[in-house]
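Oh and the sequence shown: position 111 is 112 in the numbering used here, straight run, nothing missing. Each residue gets a CB set at the ideal place from its N, CA and C atoms; glycine is no exception. Owing to the predicted nature of the structure, the values given are computational and were not obtained by experimental measurement. Below is one structure, written out as structure tokens; the observations come after it.
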Amino acid sequence: MNRADPVANYGVELSSALRGPRGFKARMVADITDGFADTLSAHTATAASRADAVRGALREFGTPAEIARSCQRELTIAQARHTAGAIAITVPLMIAGWRLAHSSANGDPWVLPFAAYPLAAVGGLAALLALLTLAATGRPSGEHPLTALLPSVMAWTGTIASVAMILAAVSLVVATPLAASWPVVAVATVTTAAFHGVVAASARGCRDCARLPLTG
């Protein structure tokens, strides 16, 4: 940390204390840090020393830990929406890709192994829950009875969906050598594995947020 720059230090401490979507968090930290810089500038004009100005600005504006407690709720909801969005987009695309592969394979039974069907059903249920979460958290007020549960629900939903995706990818890998139209299966496998990475990363972020108290 840069001891000579309390504003930069403030931003670093605040960013370290917060959990949430990277871009959303970066914008929030930048806005708050700018506010602290303005407060510090006002105190610098009247304080006897730089240290006094920093202490006065922290008392008036709030420490990074205090601000983080009041901001984490918004970031946690944003992370739940991010995870829900990842599921709502990738699962339907994955299933649509499987159906396209199946329809273009001229009845080849190995294009979609049997194991892929129940896994697709699990993914479909996860996508439905994700859409409901997006609808619930899209209210202007952002308040609803299940707000406190949404981060944990979406964390587990994302985890289950990502596990279903990787299991489906494994079943497709097993089926690839047996399929007459193996290039189609290979494309479906790579796509499924890529979607797994997207959902798994977002679900991991949601689990991190779910461990924090939802205050503010």
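- Between the C-alpha atoms of Gly63 and Ala195 there is a straight-line separation of about 42 angstroms.
- Residue ranges of uninterrupted beta strand (DSSP E) with 3 or more members are absent from the stretch 49-99; none lies entirely inside it.
- Straight-line spacing of the CA atoms in Arg100 and Pro178 works out to 19 angstroms.
- Shown here for Gly12: same chain residues with a beta carbon closer than 6 angstroms to its own, the five before and five after excluded, namely Val30 and Thr34 in chain order.
- When His103, Arg28, Thr193 and Arg208 are compared, the shortest CA-CA separation from Thr158 is found for Arg208.
- Taking C-alpha positions only, Gly24 is separated from Ala18 by approximately 15 angstroms.
- Nearest Cα to Thr138 within the set Thr84, Gly125 and Leu94: Thr84.
- Straight through space, the alpha carbons of Pro214 and Ser71 are spaced by roughly 10 angstroms.
- The C-beta distance from Ser163 to Ala122 rounds to 16 angstroms, too long to meet the 8 angstroms contact threshold.
- Counting C-beta pairs with one atom in each stretch, the stretch 73-83 and the stretch 44-55 have fewer than three that are closer than 8 angstroms, which means they do not touch.
- With a threshold of 16 other beta carbon atoms within 10 Å, Arg60 falls short and is exposed.
- Cys210 is not a Cβ neighbour of Ala27, given a cutoff of 9 angstroms.
- In terms of CA proximity to Met95, Gly124 leads the group Glu67, Val8, Ala9 and Gly124.
- Your pair Ala117 and Ala201 does not check out as a contact, with CB atoms roughly 18 angstroms apart and the cut at 8 angstroms.
- Counting only the Cα atoms, Ser153 lies some 16 angstroms from Leu132.
- For Pro178, there is no enclosing alpha helix (DSSP H), as DSSP gives it neither H nor E.
- Collapsing the DSSP output to three states places Gly21 in coil.
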